[in-house]
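Beneath this line is the structure, given in structure tokens, with notes to follow.
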Ligand SMILES: Nc1ncnc2c1ncn2[C@@H]1O[C@H](COP(=O)(O)OP(=O)(O)O)[C@@H](O)[C@H]1O
Ligand SMILES: Nc1ncnc2c1ncn2[C@@H]1O[C@H](COP(=O)(O)OP(=O)(O)O)[C@@H](O)[C@H]1O
Ligand SMILES: [Mg+2]
Ligand SMILES: [Mg+2]
Ligand SMILES: [Mg+2]
Ligand SMILES: [Mg+2]
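Protein chains in written order, with the working numbering: chain A, 4 to 336; chain B, 4 to 336; chain C, 3 to 209; chain D, 3 to 209.
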């Protein structure tokens with residue numbers, strides 16, 4: 004394992020030091036408990052949008068703190084949910100009096116820790132509502148599992164919920180918009196290589212030289228099946244097919260197409276994959292009206308990608324287009 | 004080799020198809036010869052800034068085409084300079100009548116192909132001036148080599164030259180600004196792992212599990228020396244030391260600090276490294292007034308990083324801050 | 003417990019647990035790598051190290067206060083799924099023992115039952131889901147005896163045996179559930195850490 | 003040349019070069035991986051394949067026109083350092099032979115000298131820098147004889163021998179120069195491709 008780190012136990016806090024230094028115009032970082040808030044938090048009278056989860060998925064979530072997106076993010080240890088006290092502290096720091104929306108990815112750890120934090124925040128008279136994103140169609144049988152995982156859809160969810168809060172929606176309205184995103188977004192990912200969690204020092208799984216893991220989560224959790232590596236045309240079709248069928252997306256739908264890298268795949272390959280996905284959608288009469296290509300929700304240095312499709316209506320499109328200024332996503336300002 | 008590609012011979016053109024589709028609001032892509040231009044090119048009366056080089060360094064250069072940065076980019080095959088006819092075609096497409104600046108990274112291939120293209124453009128009465136960026140301090144002996152390579156400094160160079168052109172500077176002035184950036188920017192990089200060029204299928208070099216290549220170029224060309232992997236504190240000091248000493252940067256200098264990933268290193272590690280570099284500079288009284296952290300000039304899936312330091316004056320700072328809207332760098336609009 | 007079942011005795015037993023977790027954390031992480039995300043040992047070890055630091059700082063607490071301190075510390079340092087689950091377990095145990103100065107066999111049995119109730123309330127897992135519940139249920143059932151030592155011994159033995167019973171199970175809760183059939187053939191990390199914790203408590207109680 | 007030294011003969015010889023490059027491209031790339039960026043064989047093969055496609059489309063050119071077509075095609079398809087260098091070499095050779103219909107020994111010698119001049123004008127390399135110049139200089143010097151076949155035979159032999167002399171050299175131009183001392187011990191890819199090209203031309207000239 005070769006990583007640009009010092010002590011594996013300090014990776015997250017040392018990275019936060021760097022993040023704080025690089026983005027002092029944008030964010031403030033609190034250490035112990037660790038959280039990141041907008042530099043101008045709390046924004047009085049605005050609903051605050053707070054998310055969090057294990058580290059190692061950067062830019063998610065800290066890279067999405069700023070104007071028009073998240074008010075605060077709570078980074079746990081690498082691939083480990085943050086603890087309720089940290090979520091509570093971030094919730095308090097972000098709360099501008101209009102309530103706080105928790106955006107939680109559907110992993111048992113995230114759900115339990117955010118639930119506990121919400122109870123604690125309630126006890127302090129902070130209005131908290133929570134949405135759980137579970138867009139990973141790779142999990143076929145949600146009755147016999149912990150349910151579908153939250154993956155790529157988290158990025159447009161945080162952007163759009165943040166925009167709704169920025170335009171002045173109240174907590175119920177921001178929550179409703181967030182639920183609308185969750186209802187209309189689906190994703191699936193594939194891993195070409197594993198990643199190595201710093202404190203573990205061992206690959207999260209082992210793949211043969213010609214093997215891939217189809218339907219991977221964002222922590223190297225296994226997917227639907229191991230299979231032989233295949234050409235990009237087939238690979239993208241295998242990812243996009245289940246995504247389209249699940250909602251299902253239909254002829255005439257307006258969509259946001261996001262092709263996301265898992266951290267170790269060159270942008271060149273992501274654009275190549277985007278071209279294939281866009282072509283397949285065009286053939287089905289599904290219109291791609293917005294797009295996002297790059298590394299937005301990653302698994303450390305894992306090679307691989309995910310495809311996310313969000314069905315847009317006019318309001319969601321407007322909220323997606325609204326100005327945003329964060330370390331990881333910026334436009335209009 | 005597991006890559007998200009179809010035929011290794013078509014990687015660049017298939018990626019260009021995806022790039023064109025994802026950014027149709029921003030760019031137009033020409034195929035055969037391949038180049039990328041601003042959607043609204045040529046911008047009449049504005050100096051055009053054109054760059055290019057082998058592919059595999061994305062987002063450089065195509066990801067920097069747009070308002071306030073490059074007017075056109077010419078992507079060669081992976082790690083192979085583009086040919087003069089392609090550079091000429093891009094130059095013609097970008098030329099708005101006020102002349103064209105070629106930004107060339109100092110590699111023999113890039114220099115020779117751009118030189119030939121400039122001769123051809125001259126024969127067609129297009130005013131071309133060229134700057135050659137050679138910021139890589141890892142090349143110690145430039146008399147007995149092809150000279151210092153152009154690496155990370157290319158990114159602020161393209162941004163700042165593009166901003167000078169956008170504010171209406173004439174060709175001589177844009178060229179002078181570009182030379183000022185080149186005179187004040189220094190970089191050095193390190194590879195933790197090699198990368199694999201698609202058509203070659205073999206790693207560009209081989210490193211032991213605990214070995215790194217210090218002073219690497221952006222194509223897997225070897226660096227100053229092979230050495231044992233070391234903690235991030237030492238690694239960053241080993242990169243930053245030669246960079247600071249070379250110019251030299253001095254107490255009181257205002258700088259832009261860029262920590263760049265080679266493509267396969269997690270953002271978490273890049274921020275960690277940024278924190279270390281910023282701390283070391285602070286100790287030396289060198290002020291970091293602007294920063295950039297992320298994957299901007301990459302070597303496919305190589306793990307590793309580079310540090311770039313640019314001495315800023317008020318004008319360079321203003322030009323850096325000026326609005327830019329490209330796929331890879333965006334602010335102020 | 004070596005120092006009896008007063009506050010210091012409970013604190014000493016918790017230190018024994020921390021030592022056992024430190025000892026086993028590589029193995030717990032290895033198990034979690036097989037069917038999870040490879041952090042369970044690290045998570046638990048981080049948590050119990052923090053517990054020991056707090057115990058060092060604050061001595062002379064009653065049993066319930068010690069358990070509550072463990073609960074709050076695990077909750078705020080472990081993270082992941084196991085953090086709130088073990089946190090809730092210790093919190094319910096603390097509530098169950100109340101402010102008594104001295105634990106007896108009945109109190110320990112009641113604490114274990116309360117802990118199990120807390121884990122199930124939070125995590126919604128039932129026996130057979132391949133989670134720590136599969137170790138806690140037989141442990142709570144077996145927690146009978148005339149002395150604290152006997153109760154814990156019985157619970158620990160039951161938890162220990164339960165670990166092996168999780169091997170053939172297909173996970174239906176937690177991260178391992180995403181493996182589906184592929185989760186069979188591996189012991190559950192959380193059930194294993196439950197056995198480690200109860201084993202250390204039982205050892206400590208023997209004195 | 004099998005078809006003589008008229009235009010079709012030169013075109014046939016160029017096709018032979020393309021075949022030889024296709025044959026050797028993996029080895030050329032391997033050499034470039036050792037001291038460069040591992041694309042030289044790919045670059046040259048892409049270029050000469052394009053040349054063959056153009057020759058297929060446009061038959062019946064005079065020798066100079068064939069050489070100019072090779073030059074322009076290499077220039078626009080090879081890329082890298084070798085593209086403009088070989089492009090310039092063939093362009094200067096084309097200029098040197100002018101619009102004659104038939105090449106003789108002297109014309110071939112002059113073309114080779116012109117090619118060398120072009121490479122040096124563009125690339126500024128001198129002998130000993132570990133580049134294609136190290137094969138071109140001895141080839142141009144050796145290019146003597148009574149027939150085209152003899153001239154090319156001599157040039158090819160000299161270039162062939164020169165490849166080995168590049169092995170101990172420390173590169174001072176091109177990408178290999180960044181290796182410093184580490185570039186010694188490997189043959190230069192461009193010198194090798196020069197030997198391949200001249201070797202194929204000489205074979206073709208033998209008929
Ligand atoms: N819903 C649940 N109820 C009870 N225990 C659970 C539940 N989900 C997970 N667990 C336990 O948590 C263990 C994993 O803990 P840990 O690895 O620390 O957290 P994470 O899965 O978030 O990485 C599993 O082995 C299992 O015993
Ligand atoms: N300045 C130069 N003059 C002459 N030949 C050169 C020069 N620089 C490089 N070369 C030749 O080019 C060859 C490499 O070509 P190639 O691999 O196709 O291009 P690149 O180095 O751009 O990848 C070298 O082996 C060397 O023979
Ligand atoms: Mg975890
Ligand atoms: Mg090359
Ligand atoms: Mg785990
Ligand atoms: Mg090369």
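C-beta atoms are modelled at their ideal positions from N, C-alpha and C, and glycine is treated no differently.
Just so we're clear, the structure is a prediction, and the values are computed from it rather than from any experiment.
The bridge partners DSSP lists for residue 51 (chain A) are A:103. Distance between residue 255 (chain A) and residue 152 (chain A), taken at the CA atoms: about 28 Å.
Using a Cβ-Cβ distance cut-off of 8 Å, the region 269-282 of chain A and the region 225-239 of chain A are in contact, since at least three pairs of beta carbons, one from each stretch, lie closer than that value. Exposed is the label assigned to residue 146 (chain B), since fewer than 16 other Cβ atoms lie within 10 Å of its Cβ. 31, 35, 39, 40, 41, 44, 45: these are the residues of the region 27-57 of chain D whose beta carbon lies less than 7 Å from some beta carbon of chain B, given in chain order.
Under the criterion of beta carbons closer than 8 Å, residue 172 (chain C) and residue 126 (chain C) do not qualify as touching, at roughly 17 Å.
B:61 is the residue among B:31, B:70, B:61, B:95 whose C-alpha sits nearest the C-alpha of residue 80 (chain B). Linking residue 113 (chain C) to residue 140 (chain C) through their CA atoms gives a straight-line distance of about 14 Å. Looking at the DSSP output, residue 76 (chain A) bridges to A:39, A:54. The C-beta distance from residue 107 (chain D) to residue 148 (chain D) rounds to 6 Å, short enough to meet the 8 Å contact threshold. Taking 9 Å as the CB threshold, residue 72 (chain C) stays off the interface with chain A. Around the beta carbon of residue 211 (chain B), a 10 Å sphere encloses fewer than 16 other beta carbons of the protein chains shown; the residue is thus reported as exposed.
Counting along the chain, residue 261 (chain A) sits inside the beta strand (DSSP E) bounded by residues 257-264.
When Cβ pairs closer than 8 Å are counted between the two stretches, the region 89-104 of chain B is seen not to touch the region 211-220 of chain B, the count staying below three. Considering only beta carbons, the part of the region 158-186 of chain D lying closer than 7 Å to chain B consists of 174, 175, 176, 177, 179, 180, 181, 184, in chain order. Across the set B:209, B:190, B:51, B:189, the C-alpha of B:51 shows the shortest separation from the C-alpha of residue 132 (chain B). With a 10 Å radius around the Cβ and a threshold of 16 neighbouring Cβ atoms, residue 292 (chain B) comes out exposed. Using a CB distance cut-off of 9 Å, residue 128 (chain C) does not count as an interface residue toward chain A. Distance from the Cα of residue 57 (chain B) is smallest, within the candidate group B:187, B:89, B:258, B:192, for B:89. At a threshold of 8 Å, residue 43 (chain D) does not count as near ligand 4, since its beta carbon sits no closer than that to any of the ligand's heavy atoms. Residue 69 (chain C) has its alpha-carbon roughly 27 Å from the corresponding atom of residue 189 (chain C).
The shortest C-alpha to C-alpha distance from residue 37 (chain C) to any of C:182, C:197, C:203 is the one to C:182. At a threshold of 8 Å, residue 228 (chain B) does not count as near ligand 6, since its beta carbon sits no closer than that to any of the ligand's heavy atoms. Taking a C-beta cut-off of 7 Å against chain C, the contacting residues of the region 186-209 of chain A are 200, 202, 203, 205, 207, listed in chain order. What residue 9 (chain B) touches in chain A, judged by beta-carbon distance under 7 Å, is 234, 235, 236, going in chain order.
Exposure of residue 228 (chain A) is indicated by the presence of fewer than 16 other C-beta atoms within 10 angstroms of its C-beta. In summary, the residues of the region 97-116 of chain A whose CB is separated from some CB of chain C by less than 8 Å are 110, 111, 112, 115, 116, in the order they occur in the chain.
Going by C-alpha positions, residue 53 (chain D) is about 16 Å away from residue 95 (chain D).
A straight-line Cα-Cα distance of about 34 Å links residue 74 (chain B) and residue 305 (chain A). In the DSSP annotation of this structure, the continuous segment of the beta strand (DSSP E) that includes residue 33 (chain B) starts and ends at 30-33. Residue nearest to residue 315 (chain B) within the set B:259, B:266, B:269, B:330 is B:259 (criterion: CA-CA distance). Only those residues of the region 114-141 of chain D whose C-beta falls short of 8 Å from the nearest C-beta of chain B are listed: 124, 125. Within chain C, no C-beta atom comes less than 8 Å from the C-beta of residue 173 (chain A); the nearest is roughly 29 Å away. Residue state for residue 200 (chain B) is assigned as coil, using DSSP reduced to three classes.
Counting only runs of 4 or more residues that sit fully inside the region 163-220 of chain B, the alpha helix (DSSP H) segments are 174-187, in chain order.
Listed by position along chain B, the residues whose Cβ is nearer than 8 Å to that of residue 83 (chain D) are 84, 110, 111, 112, 115.
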